[in-house]
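>
Protein chains: 4
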Amino acid sequence: MNPVKVGIVGASGYSGEELVRLLLRHPGAELAAVTSRQYAGQSVARVFPKFANYPRAQTLRFSEPKSELLAQAAQVIFLALPHGVASEFAGPLLDLGCQVIDLSADFRLKNPATYREYYGHEHPAPEMLKKSVYGLPEINRAQIQSAALIASPGCYPTSILLPLIPLLKAGLVKPANIIAASLSGVSGAGRKPEVDYLFVECNESARAYGVLRHRHLSEIEEQLSAAAGTTVVIQFTPHLIPVNRGILTTLYLTPEKPFAGAGETESLERQIAACYQAAYGREPFVRLLDSKTLPDTKNVAGSNVIEIAWRHDPRTGRLLVLSALDNLTKGASGQAVQSMNILCGFPETAGLI
Amino acid sequence: MNPVKVGIVGASGYSGEELVRLLLRHPGAELAAVTSRQYAGQSVARVFPKFANYPRAQTLRFSEPKSELLAQAAQVIFLALPHGVASEFAGPLLDLGCQVIDLSADFRLKNPATYREYYGHEHPAPEMLKKSVYGLPEINRAQIQSAALIASPGCYPTSILLPLIPLLKAGLVKPANIIAASLSGVSGAGRKPEVDYLFVECNESARAYGVLRHRHLSEIEEQLSAAAGTTVVIQFTPHLIPVNRGILTTLYLTPEKPFAGAGETESLERQIAACYQAAYGREPFVRLLDSKTLPDTKNVAGSNVIEIAWRHDPRTGRLLVLSALDNLTKGASGQAVQSMNILCGFPETAGLI
Amino acid sequence: MNPVKVGIVGASGYSGEELVRLLLRHPGAELAAVTSRQYAGQSVARVFPKFANYPRAQTLRFSEPKSELLAQAAQVIFLALPHGVASEFAGPLLDLGCQVIDLSADFRLKNPATYREYYGHEHPAPEMLKKSVYGLPEINRAQIQSAALIASPGCYPTSILLPLIPLLKAGLVKPANIIAASLSGVSGAGRKPEVDYLFVECNESARAYGVLRHRHLSEIEEQLSAAAGTTVVIQFTPHLIPVNRGILTTLYLTPEKPFAGAGETESLERQIAACYQAAYGREPFVRLLDSKTLPDTKNVAGSNVIEIAWRHDPRTGRLLVLSALDNLTKGASGQAVQSMNILCGFPETAGLI
Amino acid sequence: MNPVKVGIVGASGYSGEELVRLLLRHPGAELAAVTSRQYAGQSVARVFPKFANYPRAQTLRFSEPKSELLAQAAQVIFLALPHGVASEFAGPLLDLGCQVIDLSADFRLKNPATYREYYGHEHPAPEMLKKSVYGLPEINRAQIQSAALIASPGCYPTSILLPLIPLLKAGLVKPANIIAASLSGVSGAGRKPEVDYLFVECNESARAYGVLRHRHLSEIEEQLSAAAGTTVVIQFTPHLIPVNRGILTTLYLTPEKPFAGAGETESLERQIAACYQAAYGREPFVRLLDSKTLPDTKNVAGSNVIEIAWRHDPRTGRLLVLSALDNLTKGASGQAVQSMNILCGFPETAGLI
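Structure follows, in structure tokens:
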């Protein structure tokens, strides 16, 4: 089978670089085009010495981002661009017959009003919101298969949605009073030269930010509401910690039926386990942990896996669910490649294990 | 005025070392005795090269921990010992006329039943639980002044109690449904040679632990119940992150009166500000942050300060309170020295600024 | 082709774990046995959750290290054991017909007297020193092909020998006055629960150690002497820095012919480039950097590549050569798998890209 | 005694911030003016929350840098400005009668030709090079006492000069073939928003930079030449490692008289010890380590101390000298305050212990 030709627009940021890493070694894809205004004309090997041992990195050069050239060179185009810029490319590329996997937030919302509320202006192409598929393979595999435009979810949303959606669908936890406390590695902030993300400002530092209205809230709540069949409003608190890669999320949930004693704890935990087993038991990228292990970002670094664990607290009646993933892999580029695998008919794990 | 002679039992761990740091430069105290089985016979300068420029560190040698010798050498004795060991020393030292400031958990609880529940055995000296004063200076300053035995609080409890007690006393938040999510630096685990705390196991790692029943829960809930005048049960989730020093706690609280609109948010935040101002406005070690700043562990590292900030979320109605402190200073040894200052009639900031 | 069955003795340390990582995804090898006294009876997935998504990790259990069982289960055996223990297993396994790749220092020296000098006792099996092949594939590929016992080099030696050997062989640098200053990540110290390697002791710390007589000196000098055809004595200074993985080595060398002016700098740098190109131009795991790039440990982390750069200093006449590698991959387990690939007739990059 | 009024021009960078830290708690100085174009109008407490508990930080506001206003407000002015900018302020401030302590490289060289060679343009005020005193207190204490313009040395130079100067003056080591290999924490790069110093680019990274001609070389060689009484040319290799603060320097030296045997090692090490004892035995900020201890950046972090250790290698005949200091304290702002203490007649340790 001929390899599928793929392109990356905006390949010089962290998620772009991670796409390069994954696609250079992908058995079914050929990296045919990478764009970067800053590096146009330079080879991938020169910009990212770490990839220099791939022959393709020696020959492939960064180019200016031009839709026509991209569409000539590649069938599947990944957009690894800042918010607002992706939507400028998606339309032309779709018109030219490409399949587009967008890693930005531009096409993740279904409701243009929510977009306006969170992003402060009208969506530039609201009709495309309807077309786009929210690219969470474990949840939307069927739609991804035939999508022209995939809106690949963000890192925080993935770490919250994958653990929560099965429990909400099964009615095991209440859709009210959900709290998601997340810790993120610094690569989540992108390769932006800002003082806040300098080594000295992040090392030996732990801090919350955006505690009331992080933009990711909008897609999280839209997806949770769809799963629960009712409007879901959650508390979401992101924190920045000094690791390169990784998101650890702790979810505080209320079981639908009150559980209190130790016997009931066991019974609830078994129900949760069964629910997750049914939802994810065969998923190659979901690791359901046992009762002795808790998620740890170091166990998912560089991999496309999300770890999930759960504990019922008989003292408070609450259910705690914890997840860990790599924000650049399962939280961004790995997940986007997983969607590409589905789209192109590759084994879903191709290039990801 | 002659300096007060002080001793440290168990001075080779992280909180012991921090006591040495603070007491060597203390204007009113003379470090007269330090004990360590491992280092007995060696000078402080030899064991801790970083203190070698203090003349006292050259002459003072570690000795075996013997109550009689300690009582001859010093008036105030700090116990920086593992749980369970401190209580062996406290009684004899008190009988010999010393004032004891214990940094372990041995005398922090008032209720022997709670002790048994959390520590798995009877308290060895339950009558001493009554005598001990919980050494949180901002809350119990008066009792500390005349205490013979001070049970200096742990790092997690300090980060939770100082922000919460004034709000509970003022009836501004409900005592129910409190969640405390804490991130701790690795020095909180002590200088123990265990694989879990090796550099490679902690670097690039974020993980929760003890999510259901951390031992510190017992003292936190006992103190909160006393402040609220009713039994308080909280959800407490500690996490380990790769920083040396620091605890960041995010508290999820329910305002006593429901607030929803933006105007009400402002009103609640003003009430909280007034409450904290009344409680801590003159406290030298409490930093109340403004509406633009959130706590950051790097801003309290090496200092005895706790930072506190608060935000009302009009979307969820919840009140978020965040705090940051250095687990070895305000969370352990700095706070113990602050208590010593009160006990000895020194300015409360002596040796701590 | 049937997969080659491989076993790992001592699979619970860092280099053992790295072998597990590489061999689980190796296209030509089947991980047939892993031993660990500590974890005997537990599955690989249970001990290393990060590998749990490999089906083999679910079924394979750690066993007690017994030569007979190992020899029944596997053809190629990796020994990832502490110094001195490996030699107890190598002999019996060879007698049972296995091919042995030893990651310890036990069989790296040819001269038993050097062994006695550096390790303080007689070598337990001096006759096996003759049989063993020093497993540096770029240098000894032919001998590795038919070796029964491969002594896989250490991390420091690899970072020094690969850059130096071609220059010495070509007579481009003097064998005298060589200085090698190396920085090592903490995983180089192994998964040993010692206070010196705790997170808090290593974070924010940079320190030299073993500055006069590190044990690796013996194998470095023996190999350099062989390459130079004369006794080579070097200055080797290892330093510990707070990274998980990586060795950065800076070599201070004297060109055989004195070079001084800027034109001569260019000429020398071209000669060095030509020498390296001849030696390593086709090597898949050697990355020769250009005049604008210097080695960086983050560009080799998790990969089997060594980066090499060189600069002539016209002010001092010295030649500086710098290298970077991952101490657990090219510096240990990756290199051992590379040797296995040669030994078994696999493509040399199998499982390593 | 009235406090001396001091000002800081450029107080928002890392060395400016460190000056603020040291001067806020200084017993003899009053921080009377701080300038920053970026923060003009804001209080110190608002810009640096970590200092908010000092009353002075609440009242003192950043202002625009204007020489007249500075000279009215303060007697001693610290310049914590980028290279090239400091010289614009020094002249006017001196003319207005201030004493100036410059932390930049603008006045560190005596030879304008060297300045031109290293900085690429003529020195803007060569006559002031003659007036300035190189502010290394342990070496130039007498001249500092009466200096109007102090050029406070850089971090790398301090880490190299303090260990080397006494040995060169005593003729114990040869002035030829000196190699200085230094590791620096990231704060040495300043608070500049550049991609190279982002957390993700520095964490898990070790790399050399500026290996042939770092600008600090010029002042290092000028000072060493003065000490040795002959032109000294050294090899200097800086490396960047992931710590916030700290420089570790390893010096490779040749003893003036060849030493080879073990007895001679002892004799040389005793001579070196005697030399350092004579030079630094009473210096409060030089810590001479014994034969069991090596310098470690974590033992000097936040302090004004430099640690020095030495080892003779009988195998190579070389003498290794190692030093550690905090690049922001002894390597910049602490040393500048030490000079201020000398200048103002304060105890030299005032505000620094």
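Protein chains in written order, with the numbering used here: chain S, 1 to 353; chain V, 354 to 706; chain L, 707 to 1059; chain P, 1060 to 1412.
From the three backbone atoms N, C-alpha and C, an ideal C-beta is built for every residue, glycine too.
#1: Can you tell me where the alpha helix (DSSP H) holding Ile573 of chain V begins and where it ends?
#2: Which same chain residues, not among the five before or five after Arg762 of chain L, have their C-beta less than 7 Å away from its C-beta?
#3: Could you spell out where the beta strand (DSSP E) holding Gly1066 of chain P opens and where it closes?
#4: How about Leu1358 of chain P and Leu1411 of chain P: are their beta carbons less than 8 Å apart?
#5: Could you say which of P:Asn1170, P:Asp1165, P:Lys1190 lies nearest to Asp1154 of chain P if we only look at CA atoms?
#6: Quick one, which residues of the region 600 to 612 of chain V are near chain S if we go by CB-CB under 8 Å, in chain order?
#7: So is Asn1386 of chain P in contact with chain S if we call contact Cβ pairs under 8 Å?
#8: Report the rounded CA-to-CA distance for Ala151 of chain S versus Leu79 of chain S, giving the unit in angstroms.
#9: What in chain L is Cβ-close to Arg245 of chain S, meaning under 9 Å?
#10: According to the Cβ coordinates, are Ser1122 of chain P and Ala1092 of chain P closer than 8 Å?
#11: Is it a yes or a no for the region 198 to 206 of chain S touching the region 588 to 606 of chain V, going by three-plus beta-carbon pairs under 8 Å?
#12: For Ser1350 of chain P and Ala405 of chain V, I'd like the C-alpha separation in whole angstroms.
#13: Quick one, are the C-beta atoms of Ala311 of chain V and Gly360 of chain V less than 8 Å apart?
#14: Check distances from the C-beta atoms of the region 431 to 443 of chain V to those of chain L and list, in chain order, the residues that come in under 7 Å.
#15: Helix or strand or just coil, what does DSSP make of Ser378 of chain S?
#16: Hey, is Ile353 of chain S's beta-carbon within less than 8 Å of any beta-carbon in chain L?
#17: Going by C-alpha distance, which of L:Leu855, L:Ser865, L:Leu728 is nearest Gln781 of chain L?
#18: Three or more C-beta pairs closer than 8 Å, one from the region 624 to 635 of chain V and one from the region 579 to 590 of chain V: is that the case here?
#19: Which of the three DSSP states, helix, strand or coil, is assigned to Gly1345 of chain P?
#20: Classify Ala350 of chain S as helix, strand or coil using the three-state DSSP reduction.
#21: Please report how far the alpha carbon of Pro175 of chain S lies from the alpha carbon of Ser512 of chain V, in whole angstroms.
#22: Can you give me the C-alpha to C-alpha distance between Leu212 of chain S and Tyr156 of chain S, rounded to a whole angstrom?
#23: Given a limit of 7 Å on CB to CB distance, which residues of the region 386 to 405 of chain V reach chain P?
#24: Counting C-beta neighbours from all protein chains within 10 Å, is the total for Glu823 of chain L 16 or more, i.e. buried, or is it exposed?
#25: Using three-state DSSP, classify Asp1355 of chain P as helix, strand or coil.
#26: Arg897 of chain L touches chain V at which residues, Cβ-Cβ below 9 Å?
#27: What does Val1245 of chain P reach in chain S if we use C-beta pairs closer than 7 Å?
#28: Give me, in chain order, the residues of the same chain whose beta-carbon lies closer than 8 Å to that of Gln624 of chain V; leave out the 5 immediate sequence neighbours on both sides.
#29: Tell me which residues share the same chain as His569 of chain V and place their Cβ nearer than 6 Å to its Cβ, disregarding the 5 neighbours each side in the sequence.
#30: What distance in whole Å lies between the Cβ atoms of Ser973 of chain L and Tyr720 of chain L, which are believed to be in contact at a cut-off of 8 Å?
#31: State the beta-bridge partners of Val938 of chain L as determined by DSSP.
#32: Could you confirm whether any beta carbon from chain P is found closer than 8 Å to the beta carbon of Arg640 of chain V?
#33: Contact criterion: CB-CB distance below 8 Å. Does Gln624 of chain V meet it with respect to chain S?
#34: Anything in the region 1351 to 1379 of chain P with a Cβ closer than 9 Å to a Cβ of chain L? List those residues in chain order, please.
#35: Since Pro1086 of chain P contacts Ala1287 of chain P with CB under 8 Å, what's their CB separation in whole angstroms?
#36: Given the structure, does Leu878 of chain L come close to the ligand HEM, in the sense that its CB is under 7 Å from one of the ligand's heavy atoms?
Concretely, from the data shown:
#1: 569 to 581
#2: Leu730, Leu737
#3: 1063 to 1068
#4: Before going further, note that residue 1358 of chain P is Asn rather than Leu in the sequence given. It is not a contact, given that the beta carbons lie outside the stated cut-off.
#5: P:Lys1190
#6: Those residues of the region 600 to 612 of chain V placed with their C-beta closer than 8 Å to a C-beta in chain S are Leu601, Thr603, Tyr605, ordered along the chain.
#7: no
#8: Their backbone Cα atoms lie some 10 Å apart in a straight line.
#9: Per Cβ cutoff of 9 Å: no residues; Arg245 of chain S is ~11 Å from chain L at best.
#10: The answer is yes: Cβ separation under 8 Å.
#11: yes
#12: 15 Å
#13: Any question about residue 311 of chain V goes unanswered here, given that chain V covers just 354 to 706.
#14: none
#15: What the structure shows of chain S is the stretch from 1 to 353, and residue 378 of chain S is not part of that stretch, so it cannot be assessed.
#16: yes
#17: L:Leu855
#18: no
#19: In the sequence on display, residue 1345 of chain P carries Val and not Gly. DSSP places Val1345 of chain P in strand when its eight states are reduced to three.
#20: coil
#21: 30 Å
#22: 15 Å
#23: Pro402, Lys403, Ala405
#24: exposed
#25: strand
#26: Val548, Leu551, Val553, Glu554
#27: Phe199, Val200
#28: Leu525
#29: Gly507, Tyr509, Pro510
#30: Actually they do not touch by this definition, with Cβ atoms about 43 Å apart.
#31: Per DSSP, none; premise fails for Val938 of chain L.
#32: Yes - at least one Cβ of chain P is within 8 Å of the one on Arg640 of chain V.
#33: So, not an interface residue.
#34: Leu1353, Pro1354, Asp1355, Thr1356, Lys1357, Asn1358, Ala1360, Ala1368, Arg1370, His1371, Asp1372, Pro1373, Arg1374, Thr1375, Arg1377, Leu1379
#35: Actually they do not touch by this definition, with Cβ atoms about 39 Å apart.
#36: This structure lacks the ligand HEM, and indeed carries no ligand of any kind.
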